[in-house]
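One structure is given here, and the rest of the page talks about it.
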């Protein structure tokens, strides 16, 4: 048993080292190269990344020092955190809904196609965008979900029934609130203060992000990775393990059909479980088998749910991984979306022909770039994916296709200015988010000193993040693809920052601080006699 733990500890330390090296490289790019480099979807902020990071780190350090001295605050947090987070989660969901109600708009690109077709399906009409859904069948599950919500909206009337979007956004806000709750509970297992700090970061980067206004797979996919991780953490208590494993597999399956990257979490869990599996343990006691059963049953349920929709599609037109690998190597848009690549793939009538042609272009582009060119290309993709704390907000296609009338004369204009207006308020908002994102990136490096042995969850988190980064390097580059995994990055940041604070407290700096606190007073007459 001890040998097994030592092996897992060594495996985890390899992951920690690899993760910290990758994050250090990303941070160096953001601090010293992002300002001058040209890359796709580049966002400009009121302050440079270096200034922002120093400011946020200083503020975080002051807060950490202050909270560390408040024993009463820590006691209150320990005693009442459970009730407080439940109440605040419910409150925040309503705050999100109110923000959406006052600031949402009609956007273009894929969202417009998805919404218009969902409304048609809700009214019993056939699909018209067959070419689109044949090419991108992963949006079929969202099409079904959105159409069901629209049906309920038409029958009951949720909010703004005429536009039909608020019903979807209300459910989306609920999922976002639950994601934050799961994040808090996971961090609570490490540190109460860190759980609140992580929840605050979540509110800034995700909970009040502009992406809560957009009904699409980024916001709908957010719940799955954290719910899967939460179930995995809960497995450690040994209760209802078979049911939890089955549910974990089911969520992985449905998550994959919302956004394929979500399945990376399940792959990470599988690798960790394979590594730590006890020799001689009967295979029927192996939890992954129940997870696979959950995936199988969910696949059957998924097929039944969307059978009437998929029956209208041409399976031969579906884009495969080779298409996204090809697009990820285009230099015109630094590996981002390129319409000419889409048209190229659509020009082939069968999957086999398309895949072969895509692979040929991949080989051609690799040959043209060479090793040095490929390295520069991947660097630009990293800055595209991880250089923006707004996750390329307002950078997709025709972003504003329709602006709805103001709901009121006070909050609607203010919230629109803050969320997406061409105003100083929006610039400050986006700059603040960038500062928090830089803090997350930098604080994660503190994990280099993490030594806790029995921590399977962290191994899963690190493997997932490394897998996500590799996914972004191999395929299409988009900052919003990182959005669903922001909570994972927040966990690493909180743990890393906590480790850094502990190290500073025990180092020379901490010794000087304590010496200064205990040094004799220059005015002994003013001292408390009891202290003397």
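In UniProt numbering, the protein residues as written are 1 to 532. Heads up, the beta-carbon is just placed ideally off N, CA and C, and yes, glycines get one too.
* Considering only C-alpha positions, which residue in the set 215, 489 and 246 is nearest to residue 296? -> 246
* To do: Kindly indicate which three-state DSSP category residue 106 falls into: helix, strand or coil?
  => strand
* **Outcome for residue 500 when other beta-carbon atoms lying within 10 angstroms are tallied against a minimum of 16** => buried
* Asked: What distance in whole Å lies between the Cβ atoms of residue 362 and residue 329, which are believed to be in contact at a cut-off of 8 angstroms?
  -> 6 angstroms
* Asked: Nearest-angstrom Cα distance between residue 474 and residue 493?
  -> 25 angstroms
* To do: Compute the distance between the beta-carbons of residue 375 and residue 477, then report whether it is under 9 angstroms.
  => no
* Asked: What number of angstroms, rounded off, separates the C-alpha of residue 175 from the C-alpha of residue 55?
  -> 32 angstroms
* Using three-state DSSP, classify residue 467 as helix, strand or coil. => helix
* State the DSSP-derived secondary structure class of residue 131, mapped to helix, strand or coil. => helix
* To do: Could you tell me if residue 7 is buried or exposed, where buried requires 16 or more neighbouring beta carbons within 10 angstroms of its beta carbon?
  => exposed
* May I ask you to report which of helix, strand or coil DSSP gives residue 402? => strand
* **Rounded C-alpha distance that separates residue 279 from residue 332** => Here residue 279 scores only 45 on pLDDT, less than 50, and its place in the model is too uncertain to base an answer on.
* Skipping 5 residues on each side, what residues in its chain have a beta carbon closer than 8 angstroms to that of residue 322? -> 354, 355, 358, 359 and 362
* To do: Below 6 angstroms CB to CB, which residues in the same chain sit around residue 31 once its five sequence neighbours on both sides are set aside?
  => 49 and 50
* **Anticipated Cβ contact below 8 angstroms, residue 464 with residue 485, distance rounded** => 7 angstroms
* From this set, 40, 203, 139 and 43, which residue's C-alpha is nearest residue 93's C-alpha? -> 203
* With a threshold of 16 other CB atoms inside 10 Å of the CB of residue 218, please say whether the residue is buried or exposed. => buried
* Proximity of residue 223 and residue 178 at Cβ, strictly below 9 angstroms -> yes
* Can you tell me where the alpha helix (DSSP H) with residue 258 in it begins and where it stops? -> 241-258
* Leaving out five residues before and five after residue 151 in sequence, what residues of the same chain have Cβ atoms less than 6 angstroms from its Cβ? -> 122
* **Assigned secondary structure, residue 121 (DSSP; H/G/I helix, E/B strand, else coil)** => helix
* Would you kindly work out how many angstroms separate the C-alpha atoms of residue 425 and residue 45, rounded to a whole number? => 12 angstroms
* To do: Count the other CB atoms, across all protein chains shown, that sit within 10 Å of the CB of residue 381; report buried if there are 16 or more and exposed otherwise.
  => buried
* **CB contact flag (residue 400, residue 107, <9 angstroms)** => yes
* **Local Cβ density within 10 Å of residue 15, reported as buried at 16 or more and exposed below that** => buried
* Excluding five sequence neighbours on each side, which residues of the same chain lie with their C-beta closer than 6 angstroms to the C-beta of residue 276? -> 8
* Any idea if residue 350 is buried or exposed, counting beta-carbon neighbours within 10 angstroms, 16 or more meaning buried? -> exposed
* Asked: Taking all protein chains shown into account, do 16 or more other C-beta atoms lie within 10 angstroms of the C-beta of residue 315, making it buried, or fewer, making it exposed?
  -> exposed
* Would you decide whether residue 422 is buried or exposed? Buried here means 16 or more other CB atoms lie within 10 Å of its CB. => exposed
* So is residue 43 buried or exposed if we call it buried at 16+ other beta carbons inside 10 Å? -> buried
* What span of residues does the alpha helix (DSSP H) with residue 181 cover, start to end? -> 166-188
* To do: Take residue 220 and list the residues in its own chain whose beta-carbon comes closer than 7 angstroms to its own, dropping the five residues that flank it on each side.
  => 142, 172, 175 and 258
* To do: Could you say which of 294, 307, 439 and 368 lies nearest to residue 53 if we only look at CA atoms?
  => 439
* Is the region 187-197 close to the region 237-253, with three or more CB pairs under 8 angstroms? -> no
* Take the Cβ of residue 430 as the centre, count every other Cβ of all protein chains shown within 10 Å, and call the residue buried at 16 or more, exposed below. => buried
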